[in-house]
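S.K.: Mind looking over this structure? Questions follow.
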């Protein structure tokens, strides 16, 4: 074994691609990052969730009391904290900025700041809303900023987050995933990077967001698109403040798992700065903000692949059992770098005319790697060249045993390829950029108000996946050719390789390899591939709204329209070389080359450690640069579209939407009680078209295909004031969520096929892939909510909701698909057999509208300051929520084609979000927990299956100390934050009972921040 080498060569996937004859100039704007070789070890100790939930708050009380005593000498009497870190007050969206009356109301109030002020502001927003909403104020985000706005939103009632790379990135509202929710910035729709319509919340730093409202019941004047809800992010309006405010903050970060990984830097940092001010007295205002994030992105994981169908009886009980396709043990890592700029220029032209211009730009780069060992072919056990000894079966699944590869080469064509062990070196590079520019014009008359809004949003995402495998080659010639490979001299893989594995549910399995994966004498680079793609999306929209005060039962009426034009493009290329593909098959994918010998000059030895090593995770080889190594050995790397999938996955989707609405706002009485709310309808016409590059090659005259449809979305919201402190809310509506971009455009294909109907031969239609004829998700829904507002501050709420999904988009094998209604006939009209097609009803495998389902549940929340307690105890408070959600939908389970009825993917039955806080003088202390029960969540292996994700409990702690306004350190705040305190893993499984078919078990590490903020 060679000594470990610390690589510092500046390289990356994009620089590798650009340096090796790329057949496209789409990536010419990209520069090369540094991707280092990492070495991981783990030293985590798991504490039971129940014990943590029992003691977390008592521990917070002790910490808060001790820190209060430490800060008491500095404050002889209680003071209030000053402005939040960056943007100090609640604001409204561009289409609804805070008006002068609202500003005067705020100025008349007694100012309370700190976390309590944020809570009170959010409660006021909820109380005054004309729909059912949840709200976050500027103080809540700005005082102790989360890494992204998603983390702050995820603590609200009925909301849960899904963690990607250890960070909250996707938001579920009432059990519905991000694809069924809509997110806007200042009331404006945003482009996405990832092919679905959800925004990447990690690109929106919490430092630059002043507030967020989550609409759980829609109204006609809201942009359509969120069955689960609409998340409205907001930035500040400068003329809502007086004078000039500057803010700067800096904090360092530390990830304890990155600190255990060789050649990784555990340190990171966050910096931000902002200016808010009036340039001309109450006439011109300006906001400028910048935020930068640099942090390690690391994890160590076990990934179990899907389980194949029942093949044979392994335990002798007379029932065939299911083996898996294999597994991999892997360490992942990299560095996230985010730069974000936002700005607002506001003109108060006259007392009646207000113009705002907004810009928001973000760049998020995340180069990463995945390295370790992959085992493929366990599903072929006892098939002639792979055997298992001492099999362990649980729930008809083969979850353990000693697997052995018994032959030095694959079987002849038609047979299996046997157990294969791969030393994997995968690198990924992801760069997301977006820019949104908007202009809002508002004119206010005595009874008439007019608004106009213009939006232009553009984003692109470059993602490159570099895959390379090292195989144990004992001979470069003499192997038996495999399927689709009649070359006589194929390499020979070592025989008698063995691995023992015992799965342990949602915990790390026990593994024991008998082979040395660091033996340079047999380990060779055997294949590699580059699979980059570029997504570009742009959105142009403008809207006009009018509101007229009527008086009477309908206090006012609103009418408006909105036009949007969206185009999304994906472009793919690839280059693949070598012997042995991902499954270890003996066939050449691209140009063949001789497996390349490895030594300590081009690779190094790395090892798992800690608990992972204790469970048998082995040492392995890391190649510094697989592409450069191949090029140095005579391989010419050219990215092109010779592979068919690159052309079918290169597509364009165009979508044009025209919407209009009318909404009457209610202000009356019912049984002598104040009644407010709104009733309205939104009418939406959608034209969606798509075409891919492969279709154009087969038929250069082909036009885009798709459909045009119209939806009517009525809505009703009523608020009955039972007392001065009690409200009853009711909502009824019809809502929609649009299909994903990939669902509309990815890999659409249609062909004329021979059929035999009733003994009569003829022709029919068959197809698959994306479906430009998809209709939206549709739901009829109802909400009822009771709210009690405490006299001395705080709120108690309980809400019930029901959603009846009329249409649910899923992957299906539809044998009665209407190709004409879906607009797909132009793809095959040039086929010579098309005139003989007997019916336009045929078979389509892929995205389609299926049966709906039901979602129902309730949620309750309380926020209360303990001001009824004596002494320092009155400075404690709690905000906590619980949500219970049930669902039932019918869809196909992955590629199996089996129709099942199951909970909605992404839905947790139980979600709990408690926070205990303490504030005294300039000191603030919070400890928060987020818990969600297990949920169904698709995980892609070799054969997509329907797995679940285990329950999660994550803990975070936040503290700050603001110096007195009367001292020399006025405006300075010290900050500390700890996230994922218990290093909670993400664990998935492939069966309904945790404990049998393990999916992924992944650890991300704990993250700590310490820094300061200065405002003047």
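In our numbering, the protein residues as written are 2 to 1017.
The C-beta atom is built at its ideal place from N, Cα and C for all residues, glycine as well.
Keep in mind the model is a prediction, meaning the values are calculated, not measured.
Who pairs with residue 248 in a beta bridge, going by DSSP?
M.R.: Translated into positions along the chain shown, residue 248 becomes position 247. BP columns for residue 248 point to 275, 1016.
S.K.: How is the alpha helix (DSSP H) around residue 633 delimited, first residue to last?
M.R.: Within the chain shown, the letter at position 632 stands for residue 633. Its alpha helix (DSSP H) spans residues 627-633.
S.K.: Run through DSSP, which three-state label would residue 905 get?
M.R.: By 1-based counting over the chain shown, the position of residue 905 is 904. In this structure, residue 905 counts as coil in the three-state DSSP scheme.
S.K.: Would you kindly work out how many angstroms separate the C-alpha atoms of residue 536 and residue 651, rounded to a whole number?
M.R.: Along the chain shown, read from residue 1 onward, the residue named residue 536 stands at position 535. Along the chain shown, read from residue 1 onward, the residue named residue 651 stands at position 650. If you take the alpha carbons of residue 536 and residue 651, they lie about 9 Å apart.
S.K.: How is the beta strand (DSSP E) around residue 767 delimited, first residue to last?
M.R.: The residue labelled residue 767 in the question sits at position 766 within the chain shown. Where residue 767 is concerned, the enclosing beta strand (DSSP E) stretches over 761-770.
S.K.: Classify residue 824 as helix, strand or coil using the three-state DSSP reduction.
M.R.: For the purposes of this step, residue 824 is identified with residue 823 of the chain shown, where counting begins at 1. It is coil, neither helix nor strand.
S.K.: By DSSP, does residue 650 sit in helix, in strand, or in coil?
M.R.: Here residue 650 refers to the residue found at position 649 of the chain shown. Here residue 650 sits in coil by DSSP.
S.K.: Give, in chain order, every unbroken run of the beta strand (DSSP E) that is at least 3 residues long and sits entirely within the segment 120-171.
M.R.: DSSP runs (the beta strand (DSSP E)) wholly in the segment 120-171: 134-137, 160-165.
S.K.: Does the segment 760-768 come into contact with the segment 783-794, if we say contact requires no fewer than three beta-carbon pairs (one atom in each stretch) closer than 8 Å?
M.R.: Contact fails: fewer than three Cβ-Cβ distances are below 8 Å.
S.K.: On the DSSP bridge list, what partners appear for residue 933?
M.R.: Indexing the chain shown from 1 puts residue 933 at position 932. For residue 933, which the question treats as bridged, DSSP gives the partners 912, 953.
S.K.: Whether or not the segment 513-525 and the segment 430-441 are in contact is what I'm after, with contact meaning three or more pairs of Cβ atoms, one per stretch, closer than 8 Å; do they touch?
M.R.: Because the criterion of three Cβ pairs below 8 Å is not met, the segment 430-441 and the segment 513-525 do not touch.
S.K.: Using DSSP with H/G/I as helix, E/B as strand and the rest coil, what is residue 381?
M.R.: The sequence position of residue 381 within the chain shown is 380, counting from 1. Note: residue 381 maps to helix in three-state DSSP.
S.K.: Once DSSP output is grouped into helix, strand and coil, what is the label at residue 1002?
M.R.: Translated into positions along the chain shown, residue 1002 becomes position 1001. Looking at residue 1002 - three-state DSSP - the assignment turns out to be strand.
S.K.: Could you say if the segment 329-348 and the segment 287-302 meet the contact criterion of at least three C-beta pairs nearer than 8 Å?
M.R.: Touching, yes.
S.K.: Where residue 605 and residue 926 are concerned, what is the direct C-alpha to C-alpha distance, given to the nearest angstrom?
M.R.: If you number the chain shown from 1, residue 605 lands on position 604. If you number the chain shown from 1, residue 926 lands on position 925. Looking at the two C-alpha atoms, the distance is approximately 46 Å.
S.K.: Taking the beta carbon of residue 640 as the centre, do at least 16 other beta carbons fall within 10 Å, making it buried, or is it exposed?
M.R.: As a working note, residue 640 is residue 639 in the chain shown. The residue in question, residue 640, is buried, as its Cβ has 16 or more Cβ neighbours within 10 Å.
S.K.: For residue 30, which residues from the same chain have a beta carbon less than 8 Å from its beta carbon, with the 5 sequence-adjacent residues on both sides left out?
M.R.: Within the chain shown, numbered from 1, the residue matching residue 30 stands at position 29. Because residue 30 carries a pLDDT of 26, less than 50, the predicted location of this residue cannot be relied on, and no value is offered for it.
S.K.: Report all residues from its chain with a CB closer than 7 Å to the CB of residue 618; omit the five preceding and five following residues, and keep chain order.
M.R.: On the chain shown, residue 618 is found 617 positions in, with the first residue counted as 1. Excluding positions up to five away in sequence, the list reads 330, 512, 609.
S.K.: For residue 457, write down the residues that DSSP places opposite it in a beta bridge.
M.R.: The count along the chain shown starts at 1 and reaches residue 457 at position 456. Looking at the DSSP assignment, residue 457 forms a beta bridge with 438, 541.
S.K.: Using the C-alpha atoms, what's the distance from residue 509 back to residue 613?
M.R.: Looking up residue 613 in the chain shown gives position 612. Looking up residue 509 in the chain shown gives position 508. Their backbone Cα atoms lie some 8 Å apart in a straight line.
S.K.: For a test of the three-state rule: what should DSSP assign to residue 865, helix, strand or coil?
M.R.: Here residue 865 refers to the residue found at position 864 of the chain shown. If DSSP states are grouped into helix, strand and coil, residue 865 belongs with the strands.
S.K.: Return the Cβ separation of residue 806 and residue 778 in integer angstroms, given the expectation that the two are a contact with Cβ distance under 8 Å.
M.R.: On the chain shown, position 805 is the one that residue 806 refers to. On the chain shown, position 777 is the one that residue 778 refers to. Contact holds; Cβ gap of about 7 Å.
S.K.: Do you know whose CA, among 174, 919, 188, 450, lies nearest residue 438's CA?
M.R.: In the chain shown, the residue the question calls residue 438 occupies position 437. The option with the nearest alpha carbon to residue 438 is 188.
S.K.: With C-beta atoms as the reference, is residue 768 less than 8 Å away from residue 825?
M.R.: Within the chain shown, numbered from 1, the residue matching residue 768 stands at position 767. Within the chain shown, numbered from 1, the residue matching residue 825 stands at position 824. Cβ atoms of residue 768 and residue 825: closer than 8 Å.
S.K.: On the CB-based measure, 16 or more other CB atoms within 10 Å of its CB, does residue 443 come out buried or exposed?
M.R.: For the purposes of this step, residue 443 is taken as residue 442 along the chain shown, with counting starting at 1. Buried, because 16 or more other Cβ atoms sit within 10 Å of the Cβ of residue 443.
S.K.: Name the two residues that bound the continuous beta strand (DSSP E) containing residue 707.
M.R.: The residue you call residue 707 lines up with position 706 of the chain shown. Per DSSP, residue 707 belongs to the beta strand (DSSP E) from 706-724.
S.K.: Can you give the beta carbon distance from residue 275 to residue 248, rounded, assuming they're within the 8 Å contact cut?
M.R.: On the chain shown, residue 275 is found 274 positions in, with the first residue counted as 1. On the chain shown, residue 248 is found 247 positions in, with the first residue counted as 1. Going by Cβ atoms, the distance from residue 275 to residue 248 rounds to 5 Å, so yes, they are a contact pair.
S.K.: Among residues of its own chain, excluding the 5 on either side of residue 904, which ones have a beta-carbon nearer than 6 Å to its beta-carbon?
M.R.: Reading the chain shown from its first residue, position 903 is the one you call residue 904. Cβ neighbours of residue 904 beyond the five flanking positions: 888, 937.
S.K.: Is residue 633 buried or exposed, if buried means 16 or more other CB atoms sit within 10 Å of its CB?
M.R.: Taking the first residue of the chain shown as 1, we reach residue 633 at position 632. Result: exposed.
S.K.: With distances taken from CA atoms, which of 313, 304, 271 is nearest residue 295?
M.R.: The sequence position of residue 295 within the chain shown is 294, counting from 1. The residue with the shortest Cα to Cα distance from residue 295 is 271.
S.K.: Less than 8 Å between the beta carbons of residue 403 and residue 501, yes or no?
M.R.: The sequence position of residue 403 within the chain shown is 402, counting from 1. The sequence position of residue 501 within the chain shown is 500, counting from 1. Against a cut-off of 8 Å, the Cβ pair of residue 501 and residue 403 comes out as a contact.
S.K.: Bridge partners for residue 755 per DSSP, in chain order?
M.R.: Walking along the chain shown from the start, residue 755 turns up at place 754. 764, per the DSSP bridge assignment.
S.K.: For residue 258, which residues from the same chain have a beta carbon less than 6 Å from its beta carbon, with the 5 sequence-adjacent residues on both sides left out?
M.R.: Translated into the one-based positions of the chain shown, residue 258 becomes position 257. The residues are 299, 1006.
S.K.: Hey, out of 992, 1011, 1015, whose CA is closest to residue 306's CA?
M.R.: By 1-based counting over the chain shown, the position of residue 306 is 305. The residue with the shortest Cα to Cα distance from residue 306 is 992.
S.K.: How about residue 627 and residue 852: are their beta carbons less than 8 Å apart?
M.R.: Working through the chain shown from its first residue, we reach residue 627 at position 626. Working through the chain shown from its first residue, we reach residue 852 at position 851. No, these two residues do not count as a Cβ contact at 8 Å.
S.K.: What does the alpha-carbon distance come out to for the pair residue 984 and residue 955?
M.R.: Taking the chain shown and counting its residues from 1, the one referred to as residue 984 is at position 983. Taking the chain shown and counting its residues from 1, the one referred to as residue 955 is at position 954. Using only the alpha carbons, I get a separation of about 8 Å.
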